Amino acid sequence: MSFIDQIKEKAKADRKRIVLPEYMDHRTWEAAEQIAKEGIADVILLASPAQVEEYGKGADLTGITVIDPATDPNRQKYIDKFVELRAKKGVTPEIADEQMKKDYMYYACLMCKCGDADGAVSGACHSTGNTIRPALQLLKTRPGVKSVSGFFIVDVPNCTYGENGQFLFADCAVNTDFDSAKLAEIAGLSAASFQAFIGAEPKVAMLSYSTKGSAKHDDVTKVADAVKIANETYPQYQIDGELQLDAALDPTVAALKAPGSKVAGHANTLIFPSLEAGNIGYKLVQRLAKADAYGPVLQGLSMPVNDLSRGCSAADIVGVVALTAVQAQQV
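In the working numbering, the protein residues as written are 281 to 611.
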């Protein structure tokens, strides 16, 4: 059974309510149909009757809940909650009402905040910022978490590295500025995410162009310091570095470059030193190794909200909804 099929089975075992706010994209309707047919989640589509007619014409809505934000009986409750959460930022009932009309992602996040949904997925035709911003403003991060990060589960065919070819790559989607403390937090969150999704022990490599001091530079020191912080903060996980990629993955190279490391040569969770490296890295593996890459999945929020690539397929949306449902099971 493939990784994503395993995730779908987990999602089916404890179905969660997942909101899809992008009514204007045909892939959303295709995905919603498939999610309902497979029983992966209780899918909620946000759309007015006119929007259903225009964009969802011909779609089989069996098992799909369609909510019109303009006539939803819960609308006033969401306006009140929006004002409660953002009054200090100058949000009035009028502003809240207008923002919810203009951007259904705000409506989706308020549904989650008020307990009427368990998660949301967007980004097929909106930017990552437009997906994350409402979530940060309304749902905020989990207690003790300072920042949200984004990871991909990468499933490489015919691969002996990692967890039978399965890896977690982070951060590939969100943070543009990493200091040692943020890298350490990403490592801890990613270890927990790997455990939750893959069900195996995470072995976290904090990557660099240096292995154990083989090069000297502030960028190397940043990663080495992050390893120290991560080991102090998350002693329950195996986290090591700084490691070059070959030392992280290949036992033969690890024996030469990082002898005695419990992670080197066996890493399955890869923490990149910059967003550039992470984003380029997962796309290289996806294209050149013909790997499946699922994400970006966001970690650190109080409730699961996930982003999509604007080049995604309907099947990709189904997969991310399944991942989101599994995340919701952990909350």
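Heads up, the beta-carbon is just placed ideally off N, CA and C, and yes, glycines get one too. Since the structure is predicted, the reported quantities are computational estimates derived from the model, not experimental observations.
Following the DSSP letters along the chain, one finds S470 inside the alpha helix (DSSP H) bounded by residues 460–478.
In the structure shown, V600 adopts helical secondary structure according to DSSP, grouped into three states. Here the C-alpha atom of S582 lies approximately 12 Å from the C-alpha atom of A400. Taking one beta carbon from each stretch, the segment 403–421 and the segment 335–344 have fewer than 3 pairs nearer than 8 Å; the two do not touch. Just measuring C-alpha positions, the residue of P349, F362, S427, G561 sitting nearest A330 is P349. Boundaries of the alpha helix (DSSP H) around G561: 555–568.
Note on R590: under 16 other CB atoms within 10 angstroms of its CB, so exposed under the neighbour-count rule. Taking a C-beta distance under 9 Å as the contact criterion, A495 and A464 do not qualify as a contact pair. Judged by their CB atoms, D520 and A535 are not nearer to each other than the 9 Å cut-off.
Counted as a single uninterrupted DSSP element, the alpha helix (DSSP H) harbouring G409 occupies residues 408–418. Spanning the alpha carbons of G445 and D572 requires a straight line of approximately 11 Å. Taking C-beta separations shorter than 6 Å and ignoring five residues to either side along the sequence, the partners of V598 in its chain run A311, Q314, I315, following chain order. Around the beta carbon of E443, a 10 Å sphere encloses 16 or more other beta carbons of the protein chains shown; the residue is thus reported as buried. In terms of Cα proximity to I560, the closest of N511, K357, F431 is F431. In the three-state reduction of the DSSP assignment, M304 falls in the coil class, being assigned neither a helical nor a strand state. Annotation: the continuous alpha helix (DSSP H) that includes L365 extends over 355–366. In the structure shown, K483 falls within a strand segment according to DSSP collapsed to helix, strand and coil. Here the alpha carbon of I551 sits roughly 24 Å from the alpha carbon of A608. Straight-line spacing of the CA atoms in Y489 and L523 works out to 7 Å. Counting every other CB atom within 10 Å of its CB across the protein chains shown gives G424 a total below 16, marking it as exposed.
For C389 and V533, the gap between their C-alpha atoms comes out near 46 Å. With 16 or more other Cβ atoms from the protein chains shown falling within 10 Å of its own Cβ, K296 counts as buried.
Measuring C-alpha to C-alpha distances from I433 to each of A453, R422, L418 identifies A453 as the nearest.
Look at P584 here: in three-state DSSP terms it is coil, with no helix or strand label. Residue nearest to T351 within the set Y387, A367, K317 is Y387 (criterion: CA-CA distance). The C-alpha of V503 lies about 27 Å from the C-alpha of L568. In the DSSP assignment, no residue is bridged to T456.
Close CB contacts of R422 within its chain, under the 8 Å cut and outside five residues either way in sequence, are with G580, L581, S582 (chain order). Setting aside the 5 residues that flank it on each side, G403 is surrounded in the same chain by T411, D587, L588, each with a C-beta closer than 6 Å to its C-beta; the list follows chain order. Collapsing the DSSP output to three states places F431 in a strand.
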